[in-house]
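There are 2 protein chains.
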Amino acid sequence: MPAIQNIKVAVDAVVFGYTSKEGLSVLLIKRDVKPFRDEWALPGGLVGDDESLEDAIQRELKEETGIGINYLEQLYSFGQPGRDPRNRVISITYYGLVKPDAFELQANTDANDVAWYNIKKVPQLAFDHQQIIVVARERLKNKILYQPVGFELLEEKFPFSELEKLYMAVLDRPIDRRNFKKKVLKFGFLEETTEKQLLDGAGRPGNLFRFNEQKYFQLKKEGISFEI
Amino acid sequence: MPAIQNIKVAVDAVVFGYTSKEGLSVLLIKRDVKPFRDEWALPGGLVGDDESLEDAIQRELKEETGIGINYLEQLYSFGQPGRDPRNRVISITYYGLVKPDAFELQANTDANDVAWYNIKKVPQLAFDHQQIIVVARERLKNKILYQPVGFELLEEKFPFSELEKLYMAVLDRPIDRRNFKKKVLKFGFLEETTEKQLLDGAGRPGNLFRFNEQKYFQLKKEGISFEI
DNA sequence: CCAAAAGTGTTTAATATACACCCATGG
DNA sequence: CCATGGGTGTATATTAAACACTTTTGG
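Chain order of the listed sequences is A and B. Residue 1 is where the first sequence starts when you use full-length UniProt numbering, and the numbers rise one by one after that. Residue 1 is where the second sequence starts when you use full-length UniProt numbering, and the numbers rise one by one after that.
Structure (C-alpha cells):
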C-alpha cells in the first residue's frame, strides 16, 4: 500500500437518446483541451473534493452539453494505468437516457462542439471511450430484458411502433410485431389514448400510447422477464 | 471543476464462500488501524499509483486474509463524501467467490483477525461496508439467474444436493428438488460421476457431480435463463 | 425399525413462437 | 390505385409448476 497516492478521479457518461429518424444515438463532445484536443469524447471530467459522483456527472453534463438528463445509473469504473496519457485517472462511468425534447445541445466548458452520433456511426474517440460505449450498450441491451425501458427515451405520447423500433434498435435485431405488442401490453405499464399519430408520409396512423408512470416504476423495481 | 483534487482511491471486496455447514458466508477482517480500529470491515485498501484495480484488490486480499480467489468481478463504486471520516475516499468494490478448500485464513497487514461470517450474521461493520454487502448479495442473487454459478463456490466433486442448497442459500427461498435437477441437468454443464458421497450421518448417499468447465464457461458467456 | 437424505415422473397450466391478411392514410 | 405503415388472432410447441412415494444408508 502506497504511503501517498497520486490518482485523479473522473466521471464520464454515455448518454443515449432515441428518435425514429436517427435511431439509437450517443452524446459526444469535441474536446477543447489537451490531451486529445479536437477529438470526440464522452462528456465528463474530474470530481470535486466535496461533490458526490452523481452531482459531478450531472454538473459536467450541464457544463459541456447543456443537457438535462432523465435517467442516470452507474455503469463501471475504468482504472487501467495508462488509460490517460498524462496522469493516472480512474473514471467512474455512468450511462444515461434522455427524451428527444431534451436534444437541444450547447457546447460550453472544455468542449467546442457537442453532437449526437448514431450508435453504429460513432467516430474514433479519445482515451478508452470507445470501450466504455461498448460496455454501456451491452448494459442497455441486458437492462431492457429485465426492466421496462422507454419512458426515459420516448416523448410523452408515442405510437406503439415507436417503442417497437426502439427495442429493435437497442437489441439490434428484428422483433415480431404481434408478439411484442401482446407481451408489452400484458405488463400493463402502457395506456392507450384515443389520439392518433401525426404522419409525415403515407401509412395508417396509429393510436398514441403513454406510460403509466406508477406501474412503470413499480415494474422497474420488481423487475420483469422480457424474452422478446 | 477543481484546480487540484484531493481524493483517495481504494478497493474493497465482498468475498463469498459456501459450505453446507456454514451456509453462504462473507469474508471479513478486524481492522488493526484507525479509523474503526478493532471493528470488522471488508478486506481492501488504497490502490497503488501504477497498479491496476484488479491487482490492487488481489494484493489486498492476499495481504489481509491470505486467500486465493477463484472469481472476482467489479461490483460498484461508492464515493459519497463523508463515507470515510478522515478524507474523501472513493471505493471501487469487487465481489468474489472462493471454494471451501481455500478457506484457511491468516491475518496480516492492517488486520489483526480474519473470519468468515454467515451472510445472515454479519456483525456491525466499519464505513459503509454493510451497505456494500447488501449490494453484493443482491448482485449475486441476480447473477445466479442468468449465469451458471457454483463452480467457483463448490469443491471439485459434490453431491447434487450441495448445489441445490447453495442456490437456496443465495436465493434465500426453498426450491423444488425435482424441477431444479431437471432444469440444471438440461443445461449440460454438469457431469455425473459414479462416486458416492461420503456421509457424516444417516441418509442415502448421492452420486457426486462435477462441472464440465468448457460448457460451464461457454454458458457463462452466452448467459442462461434460469427461472427457478 | 426408525430417521435422514437422495432418487425419480407425470399431469396441468402458462408462455413463447410462428405466421398473413386487412385497414387507413397520403400522394 | 398504389405504396406505406398500422392493426389484429390462432394454432402449436415449449417450458414452468405442482406434487409424493421409494430407496439407501447410519444408528
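Even glycine gets a Cβ: it sits at the ideal position worked out from N, Cα and C.
- DSSP places B:Phe-158 in the strand class (E or B) of the three-state scheme.
- Neighbours of B:Glu-227 in chain A, taken as residues at a C-beta separation under 9 Å, are given in chain order as Ser-225.
- With contact defined as three or more Cβ pairs closer than 8 Å, the stretch 45–65 of chain A and the stretch 9–20 of chain A are in contact.
- The continuous beta strand (DSSP E) containing B:Asp-113 extends over residues 111–118.
- Annotation: A:Arg-86 to A:Pro-100 spans about 36 Å, alpha carbon to alpha carbon.
- In the displayed model, B:Glu-164 falls within a helix according to three-state DSSP.
- The Cβ of B:Gln-106 sits no closer than 8 Å to any Cβ of chain A.
- Close to B:Gly-79, with beta-carbon spacing below 8 Å, are these residues of chain A in chain order: Val-9, Val-47, Ser-52, Leu-53 and Ile-92.
- In this structure, the CA atom of B:Gly-82 is about 13 Å from the CA atom of B:Pro-35.
- Per the Cβ contact rule, the stretch 65–77 of chain A is in contact with the stretch 132–147 of chain A (3 or more Cβ pairs under 8 Å).
- The Cβ atoms of A:Val-15 and A:Val-98 lie closer than 8 Å to each other.
- Chain A places no beta carbon closer than 8 Å to that of B:Asn-112, leaving this residue out of the contacts.
- Between B:Asp-84 and A:Ile-7, the C-beta gap is not smaller than 8 Å, which leaves the two residues out of contact.
- Rounded to the nearest angstrom, the Cβ distance from B:Pro-148 to B:Ile-224 is 6 Å, consistent with a contact under 8 Å.
- Bounds of any alpha helix (DSSP H) do not take in B:Ala-102, whose DSSP letter is neither H nor E.
- By a beta-carbon distance limit of 8 Å, A:Met-168 contacts A:Pro-174. Their separation comes to about 6 Å.
- The beta-carbon of A:Gln-74 is placed less than 8 Å from the nearest beta-carbon of chain B.
- Judged by DSSP secondary structure, A:Arg-173 falls outside any alpha helix (DSSP H); it is assigned neither H nor E.
- Rounded to the nearest angstrom, the gap between the Cα atoms of A:Arg-210 and A:Glu-164 is 14 Å.
- For the options A:Pro-43, A:Ile-228, A:Gly-44 and A:Trp-40, the alpha carbon positioned closest to that of A:Asn-142 is the one of A:Ile-228.
- Scanning chain A for C-beta atoms nearer than 7 Å to the C-beta of B:Gln-218 yields nothing, as the closest lies near 18 Å away.
- Proximity of A:Gln-5 to chain B, defined by a Cβ-Cβ separation below 8 Å, is satisfied.
- Residue pairing by DSSP places B:Ser-77 opposite B:Ile-92 in a beta bridge.
- If you draw a straight line from the Cα of A:Ile-119 to the Cα of A:Phe-103, it is about 16 Å long.
- Judged by DSSP in its simplified three-state form, B:Glu-60 adopts helix.
- Counting the other Cβ atoms within 10 Å of the Cβ of B:Asp-128 gives 16 or more, which makes it buried.
- Judged by DSSP secondary structure, B:Glu-227 falls outside any beta strand (DSSP E); it is assigned neither H nor E.
- No Cβ of chain B is located within less than 8 Å of the beta carbon of A:Arg-31.
- Out of B:Val-47, B:Arg-37, B:Ser-25 and B:Glu-22, the CA that lies nearest to the CA of A:Ile-4 is found in B:Val-47.
- In this structure, A:Val-170 lies near A:Leu-24, with their beta-carbon atoms less than 8 Å apart.
- Distance from the CA atom of A:Lys-157 to the CA atom of B:Lys-220, rounded to whole angstroms, is 39 Å.
- Per DSSP, reduced to three states, the secondary structure at A:Glu-39 is coil, with no helix or strand assignment.
- Residues of chain A whose Cβ lies closer than 8 Å to the Cβ of B:Arg-37 do not exist; the shortest such Cβ separation is about 16 Å.
- Sixteen is the threshold: since fewer than 16 other Cβ atoms of the shown chains lie within 10 Å of the Cβ of A:Leu-198, the residue is exposed.
- Close to B:Arg-88, with beta-carbon spacing below 7 Å, are these residues of chain A in chain order: Asp-49.
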